[in-house]
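J.: Numbering (this note's numbering), first residue to last: 148 to 503.
Mind looking over this structure? Questions follow.
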């Protein structure tokens, strides 16, 4: 049962471009779901409405997804800016959004999802078509959908790493040169690192144990108490010692993603981004699509901390290089999850040490 104000049901389904499109990757724009029934008359009526109102659809404002249950029609469906199609052969998406009953009864349904991925309103087709599309045409810009500015639930803490230590980390990266950084994906039941166009970044590992200890000491003394106060979460584990570089020469970026969506990353609780040279680059800010209207840039040596479940992106660096130290945090309960999931990793991960 869907209802206004509730989180939109998430799913993974084939699209024309991606056999495993994660709907949770959306956010930052309105989303129209058009759930088309198998009945050809009702289905063609909804397709006609989509065509007639296609001028409303654009990736940065209102994205439309038609949901088809027929593989032949899905294979023929045409996509354009702001309009895509999902295949729903087993009816799981249709059931989740109330367009298919357990007894097999179908109905055409329009669902409008707000930029924070919550149900804004819905209507049945065809009897409510005119009212629904009139409401779509009157939508305010995505950044004003809530009627007030939305701030992502993040913590920004200055003065975690002193300037000299920031410079040491940058020098370490420059001496190393970094290697291309991939993304974690589920492939044949294993969590593997994949290099693709989803991300443009190079990373250098911090291997010196003394330097690792210095980083842990500062994070434990200066950042972890603030995390516990803000989120009532006691960090006991820290994963990953890397210096990352987003370079304007290749438009360094990381598209919208979450940090805990695979078995090999399910233990991660909080992500941390510590800028090392915040005044030396343009672009390259942290953005949370579900909370549109602003971006976040901690000062040099300062940290921004947020839940790994939040959809986020690193916007393109347009000038200079952005250097950052990027650990993950978790606790003992999550450590047990990590231990249980080690068998799903395609290759061993770097050792994880406690921050204090």
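Quick reminder that beta carbons are idealized off the backbone N, C-alpha and C, glycines included.
Could you tell me which whole beta strand (DSSP E) segments of length 3 or greater appear in the region 323 to 386?
T.: Listed in chain order, they are 330 to 334, 337 to 341, 349 to 352 and 384 to 386.
J.: Pop quiz: residue 393 and residue 348 are said to be a contact at Cβ under 8 angstroms. What is the actual Cβ separation, rounded to whole angstroms?
T.: Going by Cβ atoms, the distance from residue 393 to residue 348 rounds to 5 angstroms, so yes, they are a contact pair.
J.: Considering just the uninterrupted stretch of the beta strand (DSSP E) at residue 429, what are its terminal residues?
T.: 428 to 430
J.: Work out the CA separation of residue 448 and residue 424 for me, nearest whole Å.
T.: 8 angstroms
J.: Using three-state DSSP, classify residue 153 as helix, strand or coil.
T.: coil
J.: Taking 8 angstroms as the threshold (C-beta atoms), are residue 254 and residue 504 in contact?
T.: The displayed coordinates of the chain run from 148 to 503. Any statement about residue 504 would go beyond what the structure contains.
J.: With respect to the beta strand (DSSP E) encompassing residue 389, which residues constitute its N-terminal and C-terminal limits?
T.: Annotation: the continuous beta strand (DSSP E) that includes residue 389 extends over 389 to 394.
J.: Measuring alpha carbon to alpha carbon, tell me which residue in 444, 471 and 413 is nearest residue 483.
T.: 413
J.: What residue from 295, 159 and 283 has the CA that sits closest to residue 439's CA?
T.: 295
J.: Is it the case that the Cβ atoms of residue 160 and residue 235 are separated by a distance below 8 angstroms?
T.: yes
J.: Spell out the partners DSSP gives residue 418 in its beta bridges.
T.: Looking at the DSSP assignment, residue 418 forms a beta bridge with 453 and 475.
J.: Quick one, are the C-beta atoms of residue 417 and residue 366 less than 8 angstroms apart?
T.: no
J.: On the DSSP bridge list, what partners appear for residue 270?
T.: 257
J.: Under the rule that 16 or more other beta-carbon atoms within 10 Å means buried, what is residue 115, buried or exposed?
T.: The structure shown does not extend to residue 115, since the chain is modelled only from 148 to 503, so the question has no answer here.
J.: According to DSSP, what are the bridge partners of residue 162?
T.: Note: residue 162 sits in a beta bridge opposite 233.
J.: With a cut-off of 8 angstroms on the beta carbons, I'd call residue 420 and residue 445 a contact; round off their distance for me.
T.: 7 angstroms
J.: With three or more beta-carbon pairs closer than 8 angstroms as the criterion, would you say the region 219 to 229 touches the region 305 to 319?
T.: no
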